[in-house]
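Right, one structure below, let's go through it.
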Amino acid sequence: MRILHTSDWHLGRSFHGVAMIDAQAEFLDHLVGTVVSERVDLVVVSGDVYDRALPPVDAVELTGDTLARLAATGVRTVVTSGNHDSAIRLGFNARLSDAAGVHLRTRWQDVGTPVVVEDAHGPVAVYGLPYLEPDAVRQPWALTSRTHEAALRAAMQRVHADLATRGCRSVVLAHAFVAGSPDAAPAMSSDSERDITVGGLQITPTSVFAGVSYAALGHLHGRATLTETARYSGSPLAYSFSETTHTKGSWLVELGASGLTRADFVAAPVPRRLAQVRGRLDDLLTAAEHAPLEDRWLAATLTDPQRPPLAMERLRRRFPHTLTLAFEPEGRQGSGRGPVLPHLVGRSDLDIALGFVEDVRALEATTEEELLLQLACESCRASEDPDADRRSQRQPQPQGQAQAEAQGQAQLRRRQVRRQEAV
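Note that the sequence shown ends on residue 795 in our numbering; no numbers are left out.
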């Protein structure tokens with residue numbers, strides 16, 4: 373039996389503001405094409421079909437179209453829900469879709485009831501384990517602890533109990549954070565994954581999935597081989613710059629008469645490669661070594677001692693697909709004390725804004741910037757209370773407010789004097 377293992381489509385998700393629906397559609401075209409060209413018998417989707425519980429319309433339409441196309445090829449498809457999906461919405465009309473060979477397994481109540489697929493060597497029992505929130509199954513399953521491991525162990529007890537009555541090969545789909553040890557977990561995760569911890573790090577050991585022919589895992593976005601029979605396919609597209617070095621795709625798994633015989637990774641199409649670059653702005657804009665990055669989605673970190681003006685605009689002239697920009701000035705070390713709250717009492721709004729500008733870029737605001745900030749502060753006060761000016765003409769200002777404004781004006785004069793002296 374030839375099985376295509378995929379997961380974490382996250383349909384409807386964007387990448388730093390860039391819509392990904394066209395790239396996701398291209399991957400799903402590739403998926404259907406692989407099913408046909410590789411004569412796949414079974415497709416398993418291990419959760420996170422959508423990126424959120426209420427997916428956008430185009431994501432729902434794309435899912436429906438893809439599942440219909442898979443059914444038209446004659447392949448059987450088993451889909452489970454992940455922590456991003458709404459189990460109820462994804463599982464809608466599950467009994468009806470069973471008749472078409474698309475099996476939606478999103479209810480914890482159905483854990484232990486397999487989809488049975490036949491090949492020349494006999495039956496294969498396919499168990500879909502949706503994302504199991506420990507609090508949701510703790511009472512009905514009488515869990516002794518509030519952990520993902522406890523929930524998955526209880527689920528696998530039901531799987532093994534059913535499997536004992538069948539004595540056949542088996543495939544388990546599960547959406548969880550599975551690792552050989554807690555020490556291995558940090559290197560396996562990506563920035564684009566949603567934390568599923570409950571009261572601390574919740575790692576499920578690989579031993580939970582012992583005794584099955586193949587465990588098709590979902591949730592982590594990087595492909596991984598935990599054991600020969602337990603693997604993550606990862607997401608088909610990169611959803612964060614922490615996945616820059618990932619190779620995306622699906623596992624093509626083959627089961628023989630006694631179990632797994634081979635597993636090959638089928639790479640997915642790449643809509644645009646990712647890159648991360650670091651350096652001074654002028655160097656990034658002129659260095660020939662960065663020419664290969666001009667067509668990539670780029671995360672840039674500038675190390676200029678002072679924040680360059682119009683940095684993103686200038687970067688995009690050479691690297692039009694720059695998506696994120698960070699500043700880490702050379703030689704500027706943190707104090708190690710954590711964030712320091714500024715002194716606000718007795719300072720005018722304008723002086724606080726000017727202080728913020730100077731603190732962020734280690735450079736005082738120019739005269740033009742100072743005037744713009746002054747206009748902004750005055751506009752905010754006017755929008756908050758349009759009658760403030762008329763009342764101020766009739767009523768004396770409170771002593772504290774008058775003192776703050778006087779201090780602010782004095783600080784502005786001192787800035788102007790320093791600027792003139794510098795000239």
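All residues carry an ideal CB built from backbone N, CA and C; glycine is no exception.
Review point. Would you report the Cα separation of Val581 and Gly463, rounded to the nearest angstrom?
Key: Your numbering for residue 581 matches position 209 in the sequence shown. Your numbering for residue 463 matches position 91 in the sequence shown. The residue asked about is misnamed: residue 581 is Phe in this sequence, not Val. Going from the Cα of Phe581 to the Cα of Gly463 covers about 24 Å.
Exercise for review: Helix, strand or coil for Gln648, going by three-state DSSP, please let me know.
Suggested key: In the sequence shown, the residue the question calls residue 648 occupies position 276. DSSP places Gln648 in strand when its eight states are reduced to three.
Review point. Taking the alpha carbon of Ser542 as the point to measure from, which residue in Ala548, Leu426 and Pro486 has its own alpha carbon closest?
Key: The sequence position of residue 542 within the sequence shown is 170, counting from 1. Closest option to Ser542, Cα to Cα, is Pro486.
Point to revise | Ile460 classed as buried or exposed, judged by whether at least 16 other C-beta atoms fall within 10 angstroms | key: Counting from one through the sequence shown, the residue named residue 460 turns up at place 88. Classification for Ile460: exposed.
Review point. Rounded to whole angstroms, how far is the Cβ of Val584 from the Cβ of Thr597, which I believe are closer than 8 Å?
Key: The residue labelled residue 584 in the question sits at position 212 within the sequence shown. The residue labelled residue 597 in the question sits at position 225 within the sequence shown. With 8 Å as the limit, Val584 and Thr597 do not qualify as a contact, their Cβ atoms being about 15 Å apart.
Review point. To the nearest angstrom, how far is it from the Cα of Gly446 to the Cα of Leu376?
Key: Sequence index remark: in the sequence shown, residue 446 carries index 74 (1-based). Sequence index remark: in the sequence shown, residue 376 carries index 4 (1-based). Going from the Cα of Gly446 to the Cα of Leu376 covers about 14 Å.
**Study point:** Beta-carbon spacing of Thr438, Leu400 below 7 Å
**Key:** Residue numbering aside, residue 438 sits at position 66 when the sequence shown is read from its first letter. Residue numbering aside, residue 400 sits at position 28 when the sequence shown is read from its first letter. Yes, they are a contact pair.
Point to revise | Extent of the continuous alpha helix (DSSP H) run through Glu685 | key: As a working mapping, residue 685 is identified with position 313 in the sequence shown. Counting along the chain, the alpha helix (DSSP H) containing Glu685 begins and ends at Ala683 to Arg690.
Review point. Looking at C-alpha atoms only, which residue of Ala546, Arg652 and Glu685 is the closest neighbour of Asp351?
Key: In the structure displayed, the chain extends from 373 to 795; residue 351 sits before or after that span and is not available.
**Study point:** Close beta carbons around Asp430, own chain, < 7 Å, minus the five adjacent residues each side
**Key:** Your numbering for residue 430 matches position 58 in the sequence shown. The answer, listed in chain order, is Ile393.
Check your understanding: Can you name, in chain order, every residue of its own chain whose Cβ lies under 6 Å from the Cβ of Val795, other than the five neighbours on each side?
Key -> Sequence index remark: in the sequence shown, residue 795 carries index 423 (1-based). Interpretation of Val795 is limited by its pLDDT of 49, a score under 50 that renders its predicted location unreliable; no figure is taken from the coordinates.
Point to revise | Per DSSP, the bridge partner or partners of Ser622 | key: Position 250 of the sequence shown, counted from the start, is the residue given in the question as residue 622. Ser622 pairs with Val638.
Check your understanding: Measuring CA to CA, which of Arg538, His520, Arg479 and Val474 is closest to Gly494?
Key -> For this step, residue 494 is matched to residue 122 along the sequence shown. Checking every option, the nearest Cα to that of Gly494 belongs to Arg538.
Practice item. Please check the pair Leu397 and Leu434, which I expect to be a contact at CB under 8 Å, by giving their CB distance rounded to whole angstroms. Key: Position 25 of the sequence shown, counted from the first residue, corresponds to residue 397. Position 62 of the sequence shown, counted from the first residue, corresponds to residue 434. As written in the sequence, residue 397 is Ala, which differs from the Leu given in the question. Contact flag correct, Cβ pair sits at about 6 Å.
Practice item. Starting from the C-beta of Arg812, find all residues in its chain whose C-beta is less than 6 Å away, skip the five residues before and the five after it, and write them out in chain order. Key: For the chain, the structure presents residues 373 to 795; residue 812 sits outside this window and is missing.
Review point. So what does DSSP say about Ile575, is it helix, strand or coil?
Key: Locating residue 575 in the sequence shown gives position 203, counting from the first residue. In this structure, Ile575 counts as coil in the three-state DSSP scheme.
Point to revise | Trp513 (DSSP reduced to helix, strand or coil) | key: In the sequence shown, residue 513 corresponds to position 141, counting from 1. Here Trp513 sits in coil by DSSP.
Practice item. Would you check if the distance between the CB atom of Asp423 and the CB atom of His456 is smaller than 7 Å? Key: Working through the sequence shown from its first residue, we reach residue 423 at position 51. Working through the sequence shown from its first residue, we reach residue 456 at position 84. For Asp423 and His456, yes; Cβs fall inside 7 Å.
Practice item. Identify every residue that forms a DSSP beta bridge with Tyr611. Key: For the purposes of this step, residue 611 is taken as the residue at position 239 of the sequence shown. Answer is none; Tyr611 lacks a bridge partner.
Exercise for review: With a cut-off of 8 Å on the beta carbons, I'd call Val550 and Leu501 a contact; round off their distance for me.
Suggested key: Stepping through the sequence shown from its first residue, residue 550 is reached at position 178. Stepping through the sequence shown from its first residue, residue 501 is reached at position 129. Rounded, the Cβ-Cβ distance is 11 Å, inconsistent with contact.
Practice item. Whole angstroms is fine: what's the gap from Ala754's alpha carbon to Val729's? Key: For the purposes of this step, residue 754 is identified with residue 382 of the sequence shown, where counting begins at 1. For the purposes of this step, residue 729 is identified with residue 357 of the sequence shown, where counting begins at 1. Cα to Cα, the separation comes out at about 23 Å.
Review point. How many Å lie between Leu414 and Gln678 at the Cα?
Key: Here residue 414 refers to the residue found at position 42 when the sequence shown is read from its first residue. Here residue 678 refers to the residue found at position 306 when the sequence shown is read from its first residue. So the two alpha carbons sit approximately 57 Å from each other.
Check your understanding: Rounded C-beta distance between Thr406 and Val638? I'm assuming under 8 Å.
Key -> Counting from one through the sequence shown, the residue named residue 406 turns up at place 34. Counting from one through the sequence shown, the residue named residue 638 turns up at place 266. Right, their Cβ atoms sit about 6 Å apart.
Practice item. Pick helix, strand or coil for His547, following the three-state DSSP scheme. Key: In the sequence shown, the residue the question calls residue 547 occupies position 175. Reduced to three states, the DSSP call for His547 is strand.
Practice item. Determine the closest residue to Lys620 out of Ser630, Pro608 and Gly631, with distance taken between C-alpha atoms. Key: Here residue 620 corresponds to residue number 248 of the sequence shown, with the count starting at 1. Nearest option by C-alpha distance: Pro608.
Practice item. Could you check what DSSP says for Thr617 in three-state terms: helix, strand or coil? Key: Counting from one through the sequence shown, the residue named residue 617 turns up at place 245. Coil, per DSSP.
**Study point:** For Ala602: DSSP bridge partner residues
**Key:** One-based indexing of the sequence shown puts residue 602 at position 230. BP columns for Ala602 point to Ala587 and Thr599.
Review point. Going by beta carbon distance, what residues of the same chain come within less than 6 Å of Thr576, once the five residues before and after it are set aside?
Key: One-based indexing of the sequence shown puts residue 576 at position 204. Within the same chain, Thr576 has close Cβ partners His520, Glu521, Leu524, Ala548 and Val550.
Review point. Residue range of the alpha helix (DSSP H) that Ser469 falls in?
Key: Taking the sequence shown and counting its residues from 1, one reaches residue 469 at position 97. Per DSSP, Ser469 belongs to the alpha helix (DSSP H) from Ala466 to Asp470.
Point to revise | Reduced DSSP category for Ala671 - H, G, I as helix; E, B as strand; rest coil | key: By one-based count along the sequence shown, residue 671 stands at place 299. Of the three classes helix, strand and coil, the one that applies to Ala671 here is strand, per DSSP.
Point to revise | Span of the alpha helix (DSSP H) around Asp806 | key: One cannot answer for residue 806 here, as it falls past the ends of the chain, which runs 373 to 795.
Exercise for review: Could you tell me which of Asp507, Leu468, Leu656 and Asp667 sits nearest to Thr673, measuring between CA atoms?
Suggested key: For the purposes of this step, residue 673 is taken as the residue at position 301 of the sequence shown. That would be Leu656, whose Cα lies nearest to the Cα of Thr673.
**Study point:** Nonlocal neighbours in the same chain, by C-beta distance under 7 Å from Ala395, ignoring five residues either side
**Key:** Within the sequence shown, the letter at position 23 stands for residue 395. Excluding sequence neighbours, Ala395 sits near Leu609 and Pro643.
Exercise for review: Check each candidate in Val496, Met528 and Val488 and name the one with the smallest Cα separation from Leu504.
Suggested key: Reading the sequence shown from its first residue, position 132 is the one you call residue 504. It is Met528 whose Cα lies nearest to the Cα of Leu504.
Practice item. Figure out for me which residue from Glu661, Glu685, Arg690 and Pro680 has the closest Cα to the Cα of Asp667. Key: As a working mapping, residue 667 is identified with position 295 in the sequence shown. It is Arg690 whose Cα lies nearest to the Cα of Asp667.
Review point. Gly436 by DSSP, collapsed to three states: which one?
Key: Against the sequence shown, residue 436 aligns to sequence position 64. It is helical.
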